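Have a look at the structure below, then the notes.
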Amino acid sequence: MLASTQRFTYVLHDVFICHASQDKDAVVRPLARELVANHVAVWYDEFELLLGDSLREKIDGGLSESRYGIVVLSPAFFARRWPQSELDGLFARESMEGERVILPIWHGVDAATVAAYSPFSQGVSRLQLRRVLTTCLMRSYERCARGPVRSSLRGMCSGNTV
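Under the numbering used here, the residue at position 66 of the sequence shown is numbered 79, and the numbers go up by one with no gaps.
Structure below.
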């Protein structure tokens with residue numbers, strides 16, 4: 014029998030994208046498409062949610078069944094309660110699992126903005142978009158060892174960051 018602190022987690026997605034809807038056009042859709050094009054399994058609301066689905070159940074499942082959570086920290090993010098609740102769930106996972114789960118992208122914010130939101134969030138260091146993509150793609154590459162992922166990764170990492 015398993016100890017009560019152990020749990021089974023089925024990883025169905027490499028990443029869950031946590032964001033405010035106002036950031037979809039500028040950051041989130043292009044990011045999701047780029048990740049999918051490079052064989053990264055993405056939980057993104059526009060890919061996963063269907064009419065009639067329980068929003069809470071689907072998001073809870075996405076958070077628990079994804080290896081990482083990409084969090085797009087922006088002024089819109091800090092103004093919305095729902096994505097902040099998703100971030101709380103990711104913080105809880107990091108605390109319980111003892112491993113880094115959160116991959117933050119700072120979009121239109123600086124350290125002072127993040128600190129004003131929450132001193133606890135200061136521990137969420139800034140990652141450039143290119144580094145997030147690299148991390149996700151390397152994990153995906155390790156999992157599936159596909160040649161196209163490796164060549165796409167080289168091309169993506171040679172570009173500019175957002």
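For each residue, glycine too, the CB sits at the ideal point set by N, CA and C. If you're wondering where the values come from, they're calculated on a predicted model, not measured in any experiment.
- By DSSP's assignment, residue 116 forms a beta bridge with 83.
- For residue 61, the closest of 72, 51, 52 by C-alpha to C-alpha distance is 72.
- If you ignore the 5 residues before and after residue 122, its C-beta comes within less than 7 Å of the C-beta of 86, 87, 88, all in its own chain and listed in chain order.
- Bridge partners of residue 26 according to DSSP: 79.
- For residue 127, the secondary structure class from DSSP, reduced to helix, strand or coil, is helix.
- Taking the C-beta atoms as reference points, residue 43 is found no nearer than 9 Å to residue 83.
- Straight-line spacing of the CA atoms in residue 56 and residue 94 works out to 19 Å.
- DSSP, reduced to helix, strand and coil, places residue 41 within a helical segment of the structure shown.
- Under the 10 Å beta carbon count, residue 79 is surrounded by 16 or more other beta carbons and is classified as buried.
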